[in-house]
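Report on the following structure.
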Amino acid sequence: MKRFTFLLAIAALSVGCTSRIPSGFNPLDRPTGGNGGPDSIDTRSANARRDALAAAILAGNIPQEAILATVYFDFDKYTVSAAERSKIDAVAGRVKATDVIIAGYTDHFGTEEYNLGLSDRRAQSVREYLVKLGANQAKSEIMALGSQHADKNAAGRQSGAKDRKAVIVDVNYSGPVSAAPAAKQAVRPAAAPAATGAAPAPVTAL
């Protein structure tokens with residue numbers, strides 16, 4: 009039962025950040041399949057897929073096709089708003105049919121310790137709402153990322169809004185997964201002002 013948590017702790021150390029392990033949740037029981045039959049192969053495959061997605065989440069490189077929904081939050085809040093609940097309503101049926109990882113995030117404002125707790129509560133809020141809709145809590149896991157992937161250049165609350173979120177990830181996604189850190193988009197320098205063709209007139213003292 010500790011395997012998933014242990015692997016996430018190692019992955020967190022490997023990317024040079026504080027541990028961001030599933031919090032407030034007991035990882036899924038994973039039968040070992042010691043008889044060596046088909047069930048053990050299927051179990052190992054499912055575990056490997058889950059661990060690969062967890063590593064991709066830590067690296068900030070979640071495959072877009074694996075994301076069921078992205079739920080956004082108000083500044084310093086973890087309550088799911090009515091508008092964002094509609095996103096969860098739309099994928100509730102799919103969530104019931106699969107296993108999910110719910111990853112919580114914050115903007116860069118505040119201490120890392122506070123942000124880790126806030127990101128955890130955001131992910132927990134999404135899971136609680138899914139459970140109210142009939143999802144099986146035992147088929148979901150929580151990851152708290154804090155401000156690890158936040159835009160550190162965001163100067164105000166509005167510019168950091170995109171980082172205040174929880175992402176529902178389909179563990180049964182079968183496409184390619186990479187644990188390499190997501191490429192950062194280069195920031196283009198501001199264009200120089202267009203030349204007017206005439207030098208400004210000198211200022212004459214009165």
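Take 9 as the starting number for the sequence shown in the numbering used here and just add one per residue. All C-beta atoms, glycine included, are put in the ideal place defined by N, C-alpha and C. Note that this is a predicted model, so its numbers are computed, not measured.
Listed in chain order, the alpha helix (DSSP H) elements of length 4 or more contained wholly in the stretch 84 to 156 are 90 to 104, 120 to 140. Spatial neighbours of residue 178 in its own chain (CB-CB distance under 7 Å, excluding positions within 5 residues in sequence) are listed in chain order as 74, 76, 106, 108.
Contact annotation: the stretch 88 to 97 does not touch the stretch 150 to 164, with fewer than three C-beta pairs closer than 8 Å. By the neighbour-count criterion, in which a residue is buried when 16 or more other Cβ atoms sit within 10 angstroms of its Cβ, residue 149 is buried. Under DSSP, the beta-bridge partners assigned to residue 176 are 77, 110. By the Cβ-count criterion, residue 83 is exposed, with fewer than 16 other Cβ atoms from all chains shown falling within 10 Å of its own Cβ. The three-state reading of DSSP puts residue 170 in helix, counting H, G and I together. Here residue 165 carries a coil assignment [DSSP, helix/strand/coil].
Within the same chain, Cβ atoms closer than 6 Å to the Cβ of residue 124 are found at 152, 154, the five residues on either side in sequence being excluded.
DSSP places residue 59 within a helical segment (H, G or I) once states are collapsed to three.
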